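Colleague:
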Amino acid sequence: MRTATILTAGAISAASAGRINRADFRREDIIYKDVAIIGGGASGAHAAVRLRQDYNKSVVVVEREPILGGHVDTYVDKTTGRIHDYGLALYFPYLDSFDFFSRPEINVTLSPWFPAGGNEVRYVDFTSGQELTSTFQPPDESAGPIAVKKFHDLMTANGWDNMTQPGYWGLPAGKDIPADLLLPIGQFAKKHGIEAMLSTMYPSTGGGVGSRGNFEDILTLSIIKAFPTAWSKVFFGEVAMFSIDGGNQFLYDKISTLLGKDVLYNSQVVNSRRSNSGIELVVDSARLEDDEEQPGKSRKGKGNGKATKKLIIAKKLLLAIPPTRENLAPFDLTPAEKAHFSKPKYGRSHTAIAKHSKLPAGVQLRNLPLSATANPLSPFLQTPFVLSFTSLATDSPLFSLGSSGTNYTAFPPSEAKKVARKAIQTMVDAGTLPDLEGEEVEFVAWSDHGPGGFGVSAQELREGWMEDMYALQGKRSTWFTGNGIAADFTTMLWKFNDQMLDRIVEGL
1288 MRTATILTAG
1298 AISAASAGRI
1308 NRADFRREDI
1318 IYKDVAIIGG
1328 GASGAHAAVR
1338 LRQDYNKSVV
1348 VVEREPILGG
1358 HVDTYVDKTT
1368 GRIHDYGLAL
1378 YFPYLDSFDF
1388 FSRPEINVTL
1398 SPWFPAGGNE
1408 VRYVDFTSGQ
1418 ELTSTFQPPD
1428 ESAGPIAVKK
1438 FHDLMTANGW
1448 DNMTQPGYWG
1458 LPAGKDIPAD
1468 LLLPIGQFAK
1478 KHGIEAMLST
1488 MYPSTGGGVG
1498 SRGNFEDILT
1508 LSIIKAFPTA
1518 WSKVFFGEVA
1528 MFSIDGGNQF
1538 LYDKISTLLG
1548 KDVLYNSQVV
1558 NSRRSNSGIE
1568 LVVDSARLED
1578 DEEQPGKSRK
1588 GKGNGKATKK
1598 LIIAKKLLLA
1608 IPPTRENLAP
1618 FDLTPAEKAH
1628 FSKPKYGRSH
1638 TAIAKHSKLP
1648 AGVQLRNLPL
1658 SATANPLSPF
1668 LQTPFVLSFT
1678 SLATDSPLFS
1688 LGSSGTNYTA
1698 FPPSEAKKVA
1708 RKAIQTMVDA
1718 GTLPDLEGEE
1728 VEFVAWSDHG
1738 PGGFGVSAQE
1748 LREGWMEDMY
1758 ALQGKRSTWF
1768 TGNGIAADFT
1778 TMLWKFNDQM
1788 LDRIVEGL
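Residue numbers (my numbering): 1288 to 1795.
#1: Would you check if there are 3 or more beta carbon pairs closer than 8 Å linking the region 1601-1619 to the region 1325-1333?
#2: Just to check my reading of the structure: residue 1382 and residue 1782 have Cβ atoms closer than 8 Å, yes? What is that Cβ distance to the nearest angstrom?
#3: Going by the beta-carbon positions, is the gap between residue 1494 and residue 1714 smaller than 7 Å?
#4: If you draw a straight line from the alpha carbon of residue 1433 to that of residue 1467, how long is it in whole angstroms?
#5: Are the beta-carbon atoms of residue 1728 and residue 1661 separated by less than 7 Å?
#6: Grouping DSSP H, G and I as helix and E and B as strand, with all else coil, what is residue 1785?
#7: Give the single residue among 1385, 1566, 1656 and 1365 whose Cα lies nearest to the Cα of residue 1617.
#8: Is the distance from the Cβ of residue 1386 to the Cβ of residue 1374 below 7 Å?
#9: Helix, strand or coil, according to DSSP, for residue 1306 in the structure here?
#10: Give me the DSSP bridge partner(s) of residue 1518.
#11: Using 10 angstroms around the beta-carbon of residue 1297, count the other beta-carbons present and answer buried if the total reaches 16, otherwise exposed.
#12: Go ahead and pull the three-state DSSP assignment for residue 1383.
#13: With distances taken between CB atoms, is the gap from residue 1795 to residue 1321 smaller than 7 Å?
#14: Could you pull out every unbroken beta strand (DSSP E) segment of at least 3 residues lying fully inside the region 1740-1770, listed in chain order?
#15: Please confirm whether residue 1366 has its beta-carbon closer than 7 Å to some beta-carbon of chain D.
#16: Enumerate in chain order the residues of its own chain whose CB-to-CB distance from residue 1630 is below 7 Å, with the five nearest sequence positions on each side excluded.
#17: Using a 10 Å radius around the Cβ and a threshold of 16 neighbouring Cβ atoms, would you call residue 1625 buried or exposed?
#18: If I measure Cβ to Cβ from residue 1498 and keep anything under 6 Å in the same chain, skipping five residues before and after, which residues do I get?
#19: As a quick exercise: from 1756, 1764 and 1647, pick the residue whose alpha carbon is nearest that of residue 1627.
#20: Within 8 Å, do at least three Cβ pairs link the region 1508-1527 to the region 1305-1314?
#21: Using C-beta distances below 8 Å, list every residue in its chain close to residue 1337, excluding the 5 sequence neighbours before and after it, in chain order.
#22: Comparing alpha-carbon positions, which option in 1684, 1754 and 1397 lies nearest residue 1532?
#23: Indicate the three-state DSSP secondary structure (helix, strand or coil) for residue 1475 in the structure shown.
#24: Is it the case that the Cβ atoms of residue 1570 and residue 1597 are separated by a distance below 7 Å?
#25: Exposed or buried, what is residue 1394 when buried is set at 16 or more other beta-carbons lying within 10 Å of its beta-carbon?
#26: Can the beta-carbon of residue 1528 be found less than 7 Å from the beta-carbon of residue 1379?
#27: Taking only the alpha-carbon atoms, compute the straight-line gap between residue 1750 and residue 1460 and give it to the nearest angstrom.
#28: Does the count of Cβ pairs from the region 1541-1558 and the region 1338-1351 closer than 8 Å reach three?
#29: Who are residue 1653's beta bridge partners in DSSP?
#30: Can you tell me which of 1476, 1717, 1721 and 1704 puts its alpha carbon nearest to the alpha carbon of residue 1730?
#31: To the nearest angstrom, how far is the alpha carbon of residue 1470 from that of residue 1745?
#32: With a 10 Å radius around its C-beta and 16 neighbouring C-beta atoms as the bar for buried, classify residue 1418 as buried or exposed.
#33: Are there 16 or more other CB atoms within 10 angstroms of the CB of residue 1406, so buried, or fewer, so exposed?
#34: Rounded to the nearest angstrom, what separates residue 1538 and residue 1426 at their Cα positions?
#35: Who pairs with residue 1733 in a beta bridge, going by DSSP?
#36: Assign residue 1507 to buried or exposed, taking buried as 16 or more other Cβ atoms, counted over all protein chains shown, within 10 Å of its Cβ.
Here it is as structure tokens:
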């Protein structure tokens, strides 16, 4: 599978400066819809189904990849037929969000999800390649959940949960944001005597994607997006986890079939005009060029490989993509919008399945700094890093991995692969792993999970960044959804959509 080519920010900026003339398009290349949705991940796909099926509104989804699903990544092992969800792995119930799975036109089956067991865990410092000494004792497994429960109770007792989930509609104005939520998470945990929760939060949040350095320095408000109160219930047993029978991609394949021609795959907006009376989008559709291979999705997807310019004319625009400067470049931002979206600093994460006959099957190599020997409650790594290499089966040479980098633009797949390969070679050089005998580590599946966190400072939040973000909702016929401005879990993103859709359809 190849992802659609993403135009550079410079190319998009140049394109978006042009005037849109309807006479330049053939009649069959002009699409009229109630709502144009950019992005077909969890938020965009869900919104498309609900707008079309429940609100009887016409939609078009512009998706840059050849399939729907966003952070869902399903790999089918051709040798064994086993299904591996190496991106989004599970779902947990939030309010009535599970009703979406049982919709007649969706109707997928869920089964309880449990972490894969049976792997021997070896703690290794990937920077030096050295295995932590036999005297290393990992933290008491009961301490983390107890501390997480205290975190949950603290959030609910102060009403902070309702301010921060599923989105930030309830967050007070900048100057009134509770001071504790603007503390670095390390200080927050120390103040409330719940430091033991940090070693649980750390792997759950992918090492704190979007941090500006050390995990403990990430703002509590930012961490809560990746570790909301509703999700914390999983860790002390109040809420169960589930996966989709047949692989998590199966859900989005069904949505793809349902939406049919209302999705433009391998497509990218290159120019736009937004106003309070509606929007116009120029779309490069079915554009495929020699981009980095990112194999592993469950199907080849859509698109004929021919580049076609299309014009979308819609009453409303729903941006279901991370609001990075690069993503928003073609959307004719005002000077105030440009200033607003220039402030966040995003991290970047990747997930993958690697293959090598010399990597130890039945083992998880977990990355811990040597300093964890002295302080096991602070297993925090310097970015960029790989959190772990986890064997997928004792009879398979396949391993899953996840990597994170601090700088979004400086950590593309090519750099992330270098970090992973370097970690393995460093462990070989240190004698922790056997010699690879010249065999290259093969990435049989790779997925770029793009930007994470919203990375704005406490001062910027006090000055009203989040308040200004939500004030943009509906302006110039444009709405925002997705994990850039809401809790980073599928079922919570769906409930964020539910809060917003009534507002979007007003006046349609």
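Don't be surprised by glycine CBs; every beta carbon is placed ideally from N, CA and C. Source: prediction; values computed, not measured.
Modeller: Per the coordinate set shown:
#1: yes
#2: 6 Å
#3: no
#4: 20 Å
#5: no
#6: helix
#7: 1566
#8: no
#9: coil
#10: None; residue 1518 has no bridge partner.
#11: Below a pLDDT of 50, predicted positions are generally treated as unreliable, and residue 1297, at 35, falls in that range; the measurement from the model is reported next regardless. Exposed, by the Cβ-count rule.
#12: coil
#13: yes
#14: 1765-1767
#15: Protein chain content of the structure displayed is limited to a single chain, and chain D is not contained in it.
#16: 1743, 1747 and 1752
#17: exposed
#18: For residue 1498, the predicted model reports a pLDDT of 49, less than 50, meaning its position is unreliable; a value from the coordinates is still stated below. Answer for residue 1498: 1505, listed in chain order.
#19: 1756
#20: no
#21: 1784, 1785 and 1788
#22: 1397
#23: helix
#24: yes
#25: exposed
#26: yes
#27: 9 Å
#28: yes
#29: 1410 and 1675
#30: 1704
#31: 8 Å
#32: buried
#33: buried
#34: 37 Å
#35: 1639
#36: buried
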